[in-house]
Structures are given as C-alpha cells and as structure tokens.
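Structure record follows, encoded as structure tokens.
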C-alpha cells in the first residue's frame with residue numbers, strides 16, 4: 004500500500020525516536036513475547052501448599068505472645084493456662100449452640116435461646132462504637148516485647164531492645180474518630196526523654212503521673228480515615244534508654260504497658 008501525501012507529511016513532521024524511546028519499546032516487546040511463551044505453560048491456579056503454613060505461623064505468634072515469663076510457680080502456670088482454655092471452651096460452646104439452633108425456615112427463632120443471644124451480644128459489643136479496654140493480653144499481636152506477665156486477671160509486658168522498636172496491634176472501634184489511651188510505667192523518669200509512641204505519622208502525647216513520676220498515660224488521637232484499612236491499629240513504641248532493674252534480673256527493660264483503652268472522640272475523657 005502506497006503512503007498518501009498526508010501520511011508522508013505526518014512522517015516528515017514526526018519527532019524521531021531517541022535511544023531511550025527505542026529501549027522502552029524493546030523492553031515492552033520482550034515482556035509481551037515472554038508472556039506469550041509462558042501462556043498455557045504456567046498455571047494461574049492458586050498454590051495451596053504455601054498457604055498450609057499460615058495457621059502454623061499464626062499459632063507461633065500467639066505461642067510467643069502467650070509465653071509465661073520465668074520464674075513462675077506450677078499453680079500460677081496452671082491458673083494461666085486454665086483461664087485461656089476456659090475462654091476458648093466458652094467461645095466454642097456458644098458457636099455450637101448457635102449452629103444447633105439455626106433454622107433455615109425461621110431465622111428469627113435463633114433469638115429464642117438466651118445463650119445464643121449471648122453469643123451474638125458479644126460480637127455486637129465488639130463492633131459497637133463504645134469505650135473498650137484491654138490489658139496486654141495474649142490476643143494482642145505484638146513484637147519487640149518480653150514474655151507476658153500476669154497479675155491477677157491483668158496482663159502486662161516489658162519492652163525489650165529491638166532495632167525497629169516494639170509493635171502492638173490493637174483492635175480499634177471501627178471507622179470513627181477515636182482516642183487510644185495507653186497506661187504504663189518505666190523504671191526511672193529519665194527514660195521518658197527517649198520514649199515515643201506513634202501510629203504512622205501521628206505521635207502520642209505522653210503525660211507522666213504527677214503523684215507517681217514513673218507512671219504515665221499516653222494518648223493517641225486518630226481520625227476515622229486512618230483506621231479504614233484494617234480492624235487493627237499498629238502502635239509503634241520506640242525507646243532509647245533501657246535499664247536493668249536489679250542485679251538478679253539482667254534484662255534490659257524499656258517501658259511496661261499494662262492497659263489500652265479506646266474511646267470515641269465524642270465521649271473521650
């Protein structure tokens with residue numbers, strides 16, 4: 004086919020391709036040819052074998068988070084394990100009651116059993132935008148901390164030295180503006196100079212207790228759009244000054260965190 008005068012005019016006016024332009028075109032052509040060669044030879048089906056390890060990986064995280072800090076008596080260890088198993092048994096029991104009472108013909112019938120209402124009520128309470136409080140319990144995924152310690156029904160953890168600081172993943176109240184209060188303490192008030200707590204680029208206001216200078220409350224004010232990507236908020240703790248508590252305990256300790264409290268900003272104190 005012979006070029007028309009208009010085509011010849013456009014070719015004369017076109018900007019000549021440079022070396023970089025030709026290299027980009029060649030790279031694109033190579034990608035297309037490689038994809039064409041791989042067609043019908045590489046399966047697009049999901050590879051389930053690597054995914055088999057996901058439950059084991061999650062189990063290892065919970066195992067590390069729930070490790071008992073030595074020394075601990077046999078009675079205290081049994082009490083700790085018994086409480087954790089009891090929580091699982093209660094959840095499984097309510098799930099079983101719910102399944103056994105579910106009716107495909109009358110879905111509302113499930114609410115006739117108060118135990119089922121309790122199972123649903125717990126889920127609704129977790130989703131409702133009302134204040135929620137957590138000790139540093141095993142269900143909070145964390146990294147950069149010493150093993151969990153317990154005092155009665157409360158759990159707490161000491162921060163340990165780590166290159167990237169320490170991380171605690173906390174369930175929040177959903178896509179609403181909210182404040183997170185963090186209660187803890189340090190060994191010496193001078194450690195506050197190197198302590199920072201943040202979520203992304205938002206830093207916490209850290210206020211030492213006037214009556215007990217080693218104790219503090221940190222507050223994070225988070226907007227709803229900053230919490231839209233996940234049901235958990237990742238709180239990063241960074242510290243410069245780690246200290247040994249005594250001659251017997253040779254650990255280097257940062258801050259100790261004992262409680263997280265989430266408030267909607269509309270009713271935060």
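In our numbering, the protein residues as written are 4 to 272. Virtual Cβ for every residue (Gly too), placed ideally from N, Cα, C.
Checklist entry - Given residue 227, which residues of its chain have a CB within under 7 Å of its CB, disregarding the five upstream and five downstream residues? => result As a first step, residue 227 must be located in the chain shown, where it is residue number 224. Taken in chain order, the residues that qualify are 178, 179 and 180.
Checklist entry - Is the stretch 194-204 close to the stretch 231-242, with three or more CB pairs under 8 Å? => result These segments touch.
Checklist entry - Using the C-alpha atoms, what's the distance from residue 185 back to residue 271? => result Sequence index remark: in the chain shown, residue 271 carries index 268 (1-based). Sequence index remark: in the chain shown, residue 185 carries index 182 (1-based). Reliability of the predicted coordinates at residue 271 is poor, the pLDDT of 49 falling under 50, and the value obtained from them is presented with this limitation in mind. Computed Cα separation, rounded: 13 Å.
Checklist entry - Nearest to residue 175 by CA position, among 261, 231, 96 and 37, is which residue? => result Residue numbering aside, residue 175 sits at position 172 when the chain shown is read from its first letter. Measuring from the Cα of residue 175, the nearest candidate turns out to be 231.
Next on the checklist: Rounded to whole angstroms, what is the Cα-Cα separation between residue 258 and residue 189?
Outcome noted: Within the chain shown, numbered from 1, the residue matching residue 258 stands at position 255. Within the chain shown, numbered from 1, the residue matching residue 189 stands at position 186. Distance between the alpha carbons of residue 258 and residue 189 is about 5 Å.
Item to check | Beta-carbon proximity of residue 263 to residue 173, cut-off 8 Å | outcome: Start at 1 with the first residue of the chain shown, and residue 263 comes out as number 260. Start at 1 with the first residue of the chain shown, and residue 173 comes out as number 170. Their beta carbons are under 8 Å apart, which means residue 263 touches residue 173 by this criterion.
Checklist entry - Between 253, 93, 153 and 134, which lies nearest to residue 267 when the distance is taken from Cα to Cα? => result By one-based count along the chain shown, residue 267 stands at place 264. In this structure, 134 is the residue among 253, 93, 153 and 134 with its C-alpha nearest to the C-alpha of residue 267.
Item to check | Cβ-based neighbour list, residue 215, same chain, cut-off 8 Å, excluding 5 preceding and 5 following | outcome: Against the chain shown, residue 215 aligns to sequence position 212. The beta carbon of residue 215 is closer than 8 Å to those of 188 in its chain, skipping five residues each way along the sequence.
Checklist entry - Just how far apart, CA to CA, sit residue 70 and residue 90? => result The sequence position of residue 70 within the chain shown is 67, counting from 1. The sequence position of residue 90 within the chain shown is 87, counting from 1. Taking the Cα positions, residue 70 is about 17 Å away from residue 90.
Item to check | Proximal residues to residue 255 (C-beta, below 8 Å), its chain only, five neighbours per side dropped | outcome: Position 252 of the chain shown holds residue 255. In chain order, 163, 164, 245, 246 and 247 place their CB closer than 8 Å to the CB of residue 255, counting only its own chain and leaving out the 5 sequence neighbours on each side.
Next on the checklist: Let me confirm a value: residue 213 is counted as buried when at least 16 other C-beta atoms fall within 10 Å, else exposed. Which label applies?
Outcome noted: The sequence position of residue 213 within the chain shown is 210, counting from 1. Label assigned to residue 213: exposed.
Checklist entry - DSSP three-state call for residue 181: helix, strand or coil? => result As a first step, residue 181 is located in the chain shown; it is residue number 178 there, counting from the start. The answer is strand: DSSP assigns residue 181 an E or B state.
Next on the checklist: Once DSSP output is grouped into helix, strand and coil, what is the label at residue 251?
Outcome noted: For the purposes of this step, residue 251 is identified with residue 248 of the chain shown, where counting begins at 1. Three-state result, residue 251: coil.
Checklist entry - Among 140, 146, 168 and 169, which has the Cα closest to the Cα of residue 155? => result Walking along the chain shown from the start, residue 155 turns up at place 152. The closest CA to that of residue 155, considering only 140, 146, 168 and 169, is found on 140.
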